[in-house]
Amino acid sequence: MKDKIILGLAAASVFGALNIVQLPFKLPSKPADAFGVGLAIILQAGPFLIFGAGLAWAVQKWLPATFLTRLFNTRPLAGIGLAGLAGGLIPACECATAPIACSLMSKRVGVGAALAFMLASPAINPVVLLSTFTAYPARPEMVFARFVSGLASAVLVGVVCAMLAPNLTGSRHGHAHGFAADVAGGLGWLVFGGLVAGAIKVWANPGHVEALASNPIAGNFVGAGLAILMCLCSEADAFVAASLPGLSDYGQLVFMSVGPMVDFKLIAIWVGFWGKKFVAWFAPLVALVSFNTSSLVGLLLLR
């Protein structure tokens, strides 16, 4: 994975240099345009990603696990709700939340509360909400809808898992990441996602994209599919969502709600901590709950 990230960053750097340096020949216009759009997204979102990774590292290093244990070990449903709310206050990168959840389970925090915290923290933490407000400066309802959707999805998944897997423990052979690893991995995926968004904006047929993405139902599936494939960090995904051509407000909300909770990168991390048997039903559960919840919240709040 590290080699792929370095290769992707190197390729992007070379392509950027070729666009800046005077050459005796011209690069094809569409690749250059796609890179320009992608680079704008990367430069706008990068600072939020780095800031979020720094806060996540600080939380892991200095916040006592015993504090969270006492907070969440109340009545089962109340503990899950508190865990979701705590996720909205304590920033953690997606890559860091699985080891945090395992640590909570090892301290005898309930499964539902630990998983609710794991899902809520990257979805609705203050850095994510701030970046969303920056990407949608005139749309405070988008920020509120993202918060409601993320919190509701995390709590619902936590309740279901408390019933279906009450004895779940971690970890198998996963490992926690440090600040540098989170930044390197996050920037690698951001470069990938930004360039994909730029390519879609430049190469996609505007009429076809508009017809598909602007449809309230089809657009939601497009948003969810792109979120799972792009594997963006939640601190940066709002900028990509806002730049996707023709995607409806509903689809953009689904993109920002599903992505922080389940994507290919997270599935691989979960398998490392809890094994394939658990993830085989947990990942589809998270995807279905976050998709349906964000679709409903969008209809209610983004009219």
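Under the working numbering, read the sequence shown as residues 206 to 508, first letter to last. Note that beta-carbon positions come from the ideal geometry of N, C-alpha and C, so glycine has one too.
Pairwise C-beta distances place the stretch 360-377 in contact with the stretch 283-296, as three or more of them are shorter than 8 Å. Taking the Cα of PRO450 as reference, the smallest distance to any Cα among LYS312, ALA473 and GLY424 is reached at GLY424.
For MET368, the uninterrupted alpha helix (DSSP H) segment begins and ends at 345-369. The C-alpha of PHE483 is placed about 20 Å away from the C-alpha of LYS312. Counting of Cβ neighbours within 10 angstroms places THR374 among the exposed residues, the total staying below 16. Relative to PHE460, the option among PHE487, LYS470 and VAL427 whose CA is nearest is VAL427.
In this structure, the straight-line span from the alpha carbon of LEU276 to that of ASN420 is close to 43 Å. Note on geometry: alpha-carbon atoms of ILE247 and ALA370 lie some 39 Å from one another. No Cβ-Cβ contact shorter than 8 Å links LEU507 with ASP442. MET310 and LEU334 have their C-alpha atoms roughly 27 Å apart. Rounded to the nearest angstrom, the gap between the Cα atoms of GLU440 and LEU471 is 15 Å. In this model, ALA297 and ILE422 are separated by some 31 Å (Cα to Cα). In this structure GLY293 touches ILE329 by the C-beta definition: roughly 4 Å separates them, less than 8 Å. Between CYS438 and GLU346, the C-beta spacing is not below 8 Å. Taking all protein chains in view, the Cβ of LEU501 is surrounded by fewer than 16 other Cβ atoms within 10 Å, so the residue is classified as exposed. Under a 10 Å Cβ-count criterion, ARG351 is classified as buried, with 16 or more other Cβ atoms of the shown protein chains found around its own Cβ. Taken atom to atom, the span from the alpha-carbon of ILE433 to that of PHE496 is near 11 Å. Under the DSSP assignment, ASP442 falls in the alpha helix (DSSP H) whose first and last residues are 442-448. In this chain, the alpha helix (DSSP H) harbouring TYR455 covers 454-463. According to the DSSP assignment, PRO281 belongs to the alpha helix (DSSP H) that extends over 281-292. A direct Cα-to-Cα measurement between LEU490 and GLY259 gives close to 30 Å.
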